[in-house]
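Asks:
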Amino acid sequence: MELAGAGFDAYRPAVVSCIGVSMYLSRAANEEILRQAASLAPGSVLVLMFLPPLDQVEPADRAARRASERGARASGTPFVSFFSAPELVVLAREAGFAEARHVRAATLNERYFAGRPDGLRVTSGAELLVATCGPQS
Numbered sequence: 234m235e236l237a238g239a240g241f242d243a244y245r246p247a248v249v250s251c252i253g254v255s256m257y258l259s260r261a262a263n264e265e266i267l268r269q270a271a272s273l274a275p276g277s278v279l280v281l282m283f284l285p286p287l288d289q290v291e292p293a294d295r296a297a298r299r300a301s302e303r304g305a306r307a308s309g310t311p312f313v314s315f316f317s318a319p320e321l322v323v324l325a326r327e328a329g330f331a332e333a334r335h336v337r338a339a340t341l342n343e344r345y346f347a348g349r350p351d352g353l354r355v356t357s358g359a360e361l362l363v364a365t366c367g368p369q370s
């Protein structure tokens, strides 16, 4: 309702960014986000950052992941949801997305962070789901 009042046109493709959100929400809340985003106009895209279970994080990145979990918990906002990439792709497709794919942190590093003199990179503890709405049936 508020989006429409601000000029959002539900009949035109949109980009929905859920970066840094999914880990703080319950599984049910994440599934609801997927369902709502999948109902947007054809051509709409959802980009959702998710955290895989710790055993799926590269060993070199696990200490940083544990530290971020401790920090989140200490601030009163613990991480509560973790998804494997295949699991989240299935959930997105079940929610109604025409296409859903996992974009690995390594791919992001190759594409956007290669050769940085400061060493900045995305850790394997933060992965992306990119899902696209198709024609409404």
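Under our numbering, the first residue of the sequence shown is numbered 234, with each subsequent residue one higher.
The beta carbon of each residue, even a glycine, is placed where N, CA and C say it ideally should be.
As the structure is a computational prediction, the values presented were derived from the model and not from experiment.
#1: Taking R299 as part of the alpha helix (DSSP H), name the residues at either end of that continuous run.
#2: Is it the case that the stretch 299 to 317 contacts the stretch 253 to 273, given that we only count it when at least three CB pairs across the two stretches are under 8 Å?
#3: Just to check my reading of the structure: G329 and S272 have Cβ atoms closer than 8 Å, yes? What is that Cβ distance to the nearest angstrom?
#4: Between Q289 and the rest of its own chain, which residues show a CB-CB distance below 7 Å, the 5 nearest in sequence each way excluded?
#5: Taking the beta carbon of G238 as the centre, do at least 16 other beta carbons fall within 10 Å, making it buried, or is it exposed?
#6: Would DSSP call E291 helix, strand or coil?
#7: How big is the Cα-Cα spacing for H335 and V322?
#8: Using the rule of at least 16 other Cβ atoms within 10 Å of the residue's Cβ for burial, across every protein chain shown, is G352 buried or exposed?
#9: Here's the rule: buried if 16 or more other CB atoms are within 10 angstroms of the residue's CB, otherwise exposed. What is A325?
#10: Please classify L353: does DSSP put it in a helix, a strand, or coil?
#11: Using alpha carbons as the reference points, say which of V278, L361, S301, I252 lies closest to R337.
#12: Going by beta carbon distance, what residues of the same chain come within less than 6 Å of E332, once the five residues before and after it are set aside?
#13: With respect to the alpha helix (DSSP H) encompassing L284, which residues constitute its N-terminal and C-terminal limits?
#14: Is the beta carbon of G358 less than 8 Å from the beta carbon of A297?
Replies: Judging by the given coordinates:
#1: Counting from 1 along the sequence shown, the entry for residue 299 is found at position 66. Membership of R299 in the alpha helix (DSSP H) is indicated by the continuous run 295 to 307.
#2: Contact holds between the stretch 253 to 273 and the stretch 299 to 317, because three or more Cβ pairs, one in each stretch, are under 8 Å apart.
#3: Within the sequence shown, the letter at position 96 stands for residue 329. Within the sequence shown, the letter at position 39 stands for residue 272. Yes, G329 and S272 are in contact; Cβ-Cβ is about 7 Å, under 8 Å.
#4: Reading the sequence shown from its first residue, position 56 is the one you call residue 289. Counting only Cβ-Cβ distances below 7 Å, and skipping sequence neighbours, we find S317.
#5: The count along the sequence shown starts at 1 and reaches residue 238 at position 5. The residue is exposed, with fewer than 16 neighbouring Cβ atoms inside 10 Å.
#6: Within the sequence shown, numbered from 1, the residue matching residue 291 stands at position 58. Reduced to three states, the DSSP call for E291 is coil.
#7: Taking the sequence shown and counting its residues from 1, the one referred to as residue 335 is at position 102. Taking the sequence shown and counting its residues from 1, the one referred to as residue 322 is at position 89. Each residue's alpha carbon lies about 7 Å from the other.
#8: Mapped onto the sequence shown, residue 352 falls at position 119. Looking at its Cβ environment, which holds fewer than 16 other Cβ atoms inside 10 Å, G352 is exposed.
#9: For the purposes of this step, residue 325 is taken as residue 92 along the sequence shown, with counting starting at 1. So A325 counts as buried.
#10: The residue labelled residue 353 in the question sits at position 120 within the sequence shown. In this structure, L353 counts as coil in the three-state DSSP scheme.
#11: Here the question's residue 337 lines up with position 104 in the sequence shown. The shortest Cα separation from R337 among V278, L361, S301, I252 belongs to L361.
#12: The residue you call residue 332 lines up with position 99 of the sequence shown. Setting aside the 5 residues that flank it on each side, E332 is surrounded in the same chain by T365, each with a C-beta closer than 6 Å to its C-beta; the list follows chain order.
#13: For the purposes of this step, residue 284 is taken as the residue at position 51 of the sequence shown. Membership of L284 in any alpha helix (DSSP H) is not indicated, and neither H nor E is assigned to it by DSSP.
#14: Translated into positions along the sequence shown, residue 358 becomes position 125. Translated into positions along the sequence shown, residue 297 becomes position 64. Contact: yes.
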